[in-house]
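Beneath this line is the structure, given in structure tokens, with notes to follow.
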Amino acid sequence: MKSVEFMQLITAVHELDHHQRKLLSAALNELSDESKVLELIEVCFDARSACPHCASVELYRHGLVSGLQRYYCKSCHKTFNALTGTPLARLREKPKWLNYLAAMTQSLTVRQSASDSGVHRNTSFRWRHRFLSWITQDRPSTLHGITEADETYLLESDKGKRNLERKARKRGGNATKRGISDEQVCVLVARDRSGQTLDFVTGKGPLTKPLLTTSLKPVLDVAALLVSDANPTYMAFCHAEGISHEVVNLSQGQRVNGAYHVQNVNAYHSRFKQWLEHFHGVATKYLPNYLGWRRSFEQHRQLAPETLLNAALGNFQYLTVT
38 MKSVEFMQLI TAVHELDHHQ RKLLSAALNE LSDESKVLEL IEVCFDARSA CPHCASVELY
98 RHGLVSGLQR YYCKSCHKTF NALTGTPLAR LREKPKWLNY LAAMTQSLTV RQSASDSGVH
158 RNTSFRWRHR FLSWITQDRP STLHGITEAD ETYLLESDKG KRNLERKARK RGGNATKRGI
218 SDEQVCVLVA RDRSGQTLDF VTGKGPLTKP LLTTSLKPVL DVAALLVSDA NPTYMAFCHA
278 EGISHEVVNL SQGQRVNGAY HVQNVNAYHS RFKQWLEHFH GVATKYLPNY LGWRRSFEQH
338 RQLAPETLLN AALGNFQYLT VT
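Position one of the sequence shown corresponds to residue 38 (my numbering), numbered consecutively onward.
Shown next, in the form of structure tokens:
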């Protein structure tokens with residue numbers, strides 16, 4: 038815009054009424070948010086600077102599309118941008134991403150998030166799980182020292198599914214079978230004394246030794262000491278794998294066994310379930326996403342929209358820690 042035209046625009050601003058100024062302010066903020074989003078996207082890509090198709094680093098710039106730098110790969114001869122190969126590829130309305138992520142940091146529902154960011158509720162739901170799909174990978178690789186492990190159970194939910202294999206339950210309902218059954222989904226949580234947390238959705242029904250071997254064995258440090266309740270599954274797993282093990286027999290009223298307890302992991306279960314109630318039911322299909330979301334809250338007490346966007350783009354916080 039030429040300087041003369043710009044000065045005319047400035048003069049015209051004084052003639053705007055309150056509603057028009059509010060619309061103009063919102064438009065300017067949206068432009069500001071878009072530049073922030075584009076900058077974060079490009080910074081994340083610059084950290085890896087590789088072709089998402091063949092991992093080659095022999096690239097050159099190939100123009101701009103929708104504000105993002107486009108690249109051409111000399112090896113596979115394909116073009117791409119910083120979002121190619123990420124869950125955020127082809128998502129539109131980038132200026133609204135930070136507002137939406139701000140709603141996520143407040144744990145707002147799908148409809149509340151849609152209202153706050155000015156998108157449709159279906160878009161809000163789709164964005165939520167696009168952003169969360171890589172955040173679930175933001176997790177520690179190893180647990181060290183005294184590590185508490187315990188499982189909790191959630192009623193299986195097919196919320197949103199059109200063709201149910203069972204009779205629908207009213208408002209979530211209750212299990213038809215007593216105790217732990219194939220109607221319950223097991224969530225295993227392991228947490229060391231430094232606060233590093235890992236969670237696993239092991240499937241329906243009770244926890245088994247093979248599930249523990251698959252889940253816990255790869256992530257426990259060789260010198261780790263596992264603390265659990267008196268569930269014999271943990272004893273069999275530790276005995277078979279040669280892992281140091283201490284038991285706290287909660288069923289007999291034992292809360293602490295010397296320096297050993299499972300209060301940290303049980304408190305985590307409690308916080309997670311209380312937080313989950315806010316969403317009025319979560320489909321089992323998306324349970325790993327919500328576990329990752331909650332884990333991010335636990336790891337980053339002051340969770341900012343930019344932090345969530347970084348994780349959604351693969352710039353993980355846990356994985357950079359040695």
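Idealized CB from N, CA, C, for every residue including glycine.
Just so we're clear, the structure is a prediction, and the values are computed from it rather than from any experiment.
Please classify residue i as buried or exposed, where buried requires at least 16 other C-beta atoms within 10 Å of its C-beta.
| i | result |
| --- | --- |
| residue 80 | exposed |
| residue 289 | exposed |
| residue 358 | The predicted position of residue 358 is uncertain, since its pLDDT is 43 and thus under 50; a value taken from the coordinates is nonetheless stated next. When all chains shown are included, residue 358 counts as exposed. |
| residue 210 | exposed |
| residue 305 | buried |
| residue 269 | exposed |
| residue 236 | buried |
| residue 347 | buried |
| residue 202 | exposed |
| residue 72 | exposed |
| residue 60 | exposed |
With a Cβ-Cβ cutoff of 8 Å, do residue i and residue j count as a contact?
| i | j | result |
| --- | --- | --- |
| residue 165 | residue 141 | yes |
| residue 74 | residue 124 | no |
| residue 111 | residue 90 | no |
| residue 227 | residue 186 | yes |
| residue 264 | residue 298 | yes |
| residue 256 | residue 173 | no |
| residue 175 | residue 353 | yes |
| residue 138 | residue 345 | yes |
| residue 221 | residue 204 | no |
| residue 234 | residue 335 | yes |
| residue 192 | residue 212 | yes |
| residue 177 | residue 217 | no |
Report the rounded CA-to-CA distance for residue i versus residue j, giving the unit in angstroms.
| i | j | result |
| --- | --- | --- |
| residue 117 | residue 291 | 58 Å |
| residue 327 | residue 148 | 17 Å |
| residue 230 | residue 294 | 15 Å |
| residue 329 | residue 46 | 47 Å |
| residue 258 | residue 182 | 8 Å |
| residue 161 | residue 333 | 20 Å |
| residue 56 | residue 49 | 15 Å |
| residue 62 | residue 323 | 37 Å |
| residue 40 | residue 154 | 34 Å |
| residue 280 | residue 267 | 16 Å |
| residue 82 | residue 96 | 12 Å |
| residue 194 | residue 51 | 56 Å |
| residue 197 | residue 103 | 33 Å |
| residue 184 | residue 219 | 28 Å |
| residue 286 | residue 246 | 19 Å |
| residue 144 | residue 127 | 25 Å |
| residue 134 | residue 296 | 46 Å |
| residue 307 | residue 232 | 15 Å |
| residue 309 | residue 331 | 7 Å |
| residue 208 | residue 189 | 21 Å |
| residue 284 | residue 300 | 13 Å |
| residue 122 | residue 130 | 18 Å |
| residue 261 | residue 340 | 29 Å |
| residue 319 | residue 167 | 16 Å |
| residue 272 | residue 252 | 15 Å |
Among all the DSSP beta bridges, which residues are the ones paired with residue i?
| i | result |
| --- | --- |
| residue 240 | 223 |
| residue 282 | 263 |
| residue 297 | 294 |
| residue 275 | DSSP output for residue 275 lists no bridge partner at all. |
| residue 190 | 223 |
| residue 118 | 107 |
| residue 183 | 262 |
| residue 234 | 228 |
| residue 101 | 106 |
| residue 257 | 180 |
| residue 96 | 110 |
To which residues of the same chain is residue i closer than 6 Å at the C-beta, ignoring the five residues directly before and after it?
| i | result |
| --- | --- |
| residue 239 | 223, 225 and 248 |
| residue 171 | 124, 349 and 351 |
| residue 87 | 94 |
| residue 282 | 263 and 275 |
| residue 42 | none |
Which same chain residues end up closer than 8 Å to residue i when comparing Cβ atoms and leaving out the 5 residues on each side of it in sequence?
| i | result |
| --- | --- |
| residue 250 | 274, 277 and 278 |
| residue 25 | As displayed, the chain neither begins before 38 nor continues past 359, which places residue 25 out of reach and without an answer. |
| residue 113 | 88, 90, 91 and 93 |
| residue 146 | 315, 316 and 317 |
Leaving aside the five residues before and after residue i along the sequence, list all residues of the same chain whose C-beta is less than 7 Å from its C-beta, in chain order.
| i | result |
| --- | --- |
| residue 98 | 106 and 108 |
| residue 254 | 278 |
| residue 312 | 144 and 331 |
| residue 325 | 173 and 238 |
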